[in-house]
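K.L.:
Respectively, the protein sequence lines represent chains L and D. Under this note's numbering, the first residue of the first sequence is numbered 11, with each subsequent residue one higher. Under this note's numbering, the first residue of the second sequence is numbered 11, with each subsequent residue one higher. Backbone N, C-alpha and C define an ideal beta-carbon position, used for all residues, glycine too.
There are 2 protein chains.
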Amino acid sequence: MTTTRASHDGAALRLAAADASLIADSIRSAGLKVTAPRLAVLRALTGMPHSSADALFGAVRSDLPGTSLQAVYGVLSSFSTAGLVRKIEPAGSPALFERRVGDNHHHLVCTRCNVVHDVDCVVGHAPCLTPADALGFDVRAAEVIYWGLCASCQAETAHP
Amino acid sequence: MTTTRASHDGAALRLAAADASLIADSIRSAGLKVTAPRLAVLRALTGMPHSSADALFGAVRSDLPGTSLQAVYGVLSSFSTAGLVRKIEPAGSPALFERRVGDNHHHLVCTRCNVVHDVDCVVGHAPCLTPADALGFDVRAAEVIYWGLCASCQAETAHP
DNA sequence: TACTTGTTTTGATTTACTCAAAACAACACA
DNA sequence: TGTGTTGTTTTGAGTAAATCAAAACAAGTA
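#1: Once DSSP output is grouped into helix, strand and coil, what is the label at L:CYS120?
#2: I'd like the list of long-range same chain contacts for L:LEU106, defined as Cβ closer than 8 Å, with 5 residues on each side in sequence excluded.
#3: Contact between the stretch 115-125 of chain L and the stretch 103-123 of chain D: three or more CB pairs below 8 Å?
#4: So if DSSP puts L:GLY158 in a beta bridge, which residue, or which two residues, is it bridged to?
#5: Within 10 angstroms of its Cβ, does L:LEU32 collect 16 or more other Cβ (buried), or is it exposed?
#6: State the Cα-Cα distance for the pair L:GLY134 and D:ALA65, rounded to the nearest angstrom.
#7: Tell me where the alpha helix (DSSP H) around D:ASP73 begins and ends.
#8: Could you give the first and the last residue of the continuous alpha helix (DSSP H) run that contains D:VAL82?
#9: How long is the line joining the alpha carbons of L:GLY84 and D:ARG38, rounded to whole angstroms?
#10: Spatial neighbours of D:PRO104 within its chain, please: C-beta separation below 8 Å, excluding the five flanking residues on both sides.
#11: When burial is assigned at 16 or more other CB atoms within 10 Å of the CB, is D:ARG122 buried or exposed?
#12: Suppose you measure from the CA of D:GLY112 to the CA of L:CYS163; what does that come to, to the nearest Å?
#13: Might you give, ordered along the chain, the residues of its own chain that have their beta carbon closer than 7 Å to the beta carbon of L:SER88, omitting 5 neighbours on each side?
#14: Under DSSP, the beta strand (DSSP E) around L:LEU106 begins and ends at which residues?
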């Protein structure tokens, strides 16, 4: 069993290493320096999309103690301007971050438990990008948030 | 000229009075007590839609000094739960309020000057209310914000 | 006119985030 | 393999927006 466990650990380590170098690559190719806090934040965000700066800080702190919350804010801000992560700001919630960028997907937010899910656009690719009357605006982005009850909160409210 | 002005003032006063009583009526019929701060806030909001609590506080203070900012927050919160006003929270901005409620209209926000305009929905009445895959959510509302440059900011950025 | 209930004031507190300066580390180049 | 430049992180302070709680007060009702 020890041997098996060791070999599993070895596989996990190789995977983690491959993952780490992929993450480092994506940071580097965004034109940013690769640092420990950046690796830690991007790795945490991979495992927990739609996370707040504070939640990521908690995750990062456990495997890289000494990282400051301000560093997490700084990392997320540089990632965001580099196009490496996307920032969403649902009403009544702190800003959330996700690695899925470049498509125009939208979000479902549960009004009860605040869980967030990604959804693709209703009408194809660039649907909501054209309002009925743009009133002279040069529209660059459309942001859509669907508010409702997620499946498990529907179940819970049905059986209180 | 004095007579004319007086008659205009009279008309304006009658209009203002009619307006004030209409505003009082809408507060009352929302099941809320009619108070001076509420009248002042709702009147200010009529003249300046898409205003923040702070902006409304500024407007209200000038014709009802002694009103506190917290009172404005309280007024807006009771209006909001009574369905008398709608609260929108564009990313990076304090919450904004408007009297136009009950339809599912959306918003155009200028990324440069932050001006907000209302727009009707793209695909008819309840279009965006149906995401491609709701993932088990019971969707109750869809919020759409279009980000772009308003006409005058386009002109200004073209001629810097 | 007084009573009850809801509203507003006053003052403190919280959350999410930003700013600035000094210490430090990554990457390029010698 | 060290050295320098540049960008990043830490440390510490500060801000904006909003919320909470208790006491003073006013609206509507009887």
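P.N.:
So, from the listed chains and residues:
#1: Locating residue 120 of chain L in the first sequence gives position 110, where the first residue counts as 1. Residue state, collapsed to three classes: strand.
#2: Counting from one through the first sequence, the residue named residue 106 of chain L turns up at place 96. Here the set comprises HIS60, SER61, SER62, LYS97, ILE98, GLU99, PRO100, VAL126.
#3: no
#4: As a first step, residue 158 of chain L must be located in the first sequence, where it is residue number 148. L:CYS120, D:VAL149, per the DSSP bridge assignment.
#5: Locating residue 32 of chain L in the first sequence gives position 22, where the first residue counts as 1. Per the 10 Å Cβ criterion, exposed.
#6: Along the first sequence, read from residue 1 onward, the residue named residue 134 of chain L stands at position 124. Along the second sequence, read from residue 1 onward, the residue named residue 65 of chain D stands at position 55. Bear in mind that a pLDDT of 46 at L:GLY134, under 50, signals an unreliable position, so the number given afterwards is only what the model happens to contain. Taking the straight line from one Cα to the other gives about 39 Å.
#7: Translated into the one-based positions of the second sequence, residue 73 of chain D becomes position 63. Segment 63-73, the alpha helix (DSSP H) holding D:ASP73.
#8: Within the second sequence, residue 82 of chain D is the residue found at index 72, counting from 1. Per DSSP, D:VAL82 belongs to the alpha helix (DSSP H) from 79-92.
#9: Taking the first residue of the first sequence as position 1, residue 84 of chain L is located at position 74. Taking the first residue of the second sequence as position 1, residue 38 of chain D is located at position 28. Those two C-alpha atoms are separated by around 49 Å.
#10: Along the second sequence, one-based indexing puts residue 104 of chain D at 94. Closer than 8 Å at Cβ, skipping near neighbours: SER62, ALA63, ASP64.
#11: As a position in the second sequence, residue 122 of chain D is number 112, starting the count at 1. It counts as exposed.
#12: Within the second sequence, residue 112 of chain D is the residue found at index 102, counting from 1. Within the first sequence, residue 163 of chain L is the residue found at index 153, counting from 1. Computed Cα separation, rounded: 26 Å.
#13: Residue numbering aside, residue 88 of chain L sits at position 78 when the first sequence is read from its first letter. Excluding sequence neighbours, L:SER88 sits near LEU42.
#14: On the first sequence, position 96 is the one that residue 106 of chain L refers to. L:LEU106 -> beta strand (DSSP E) spans 106-108.
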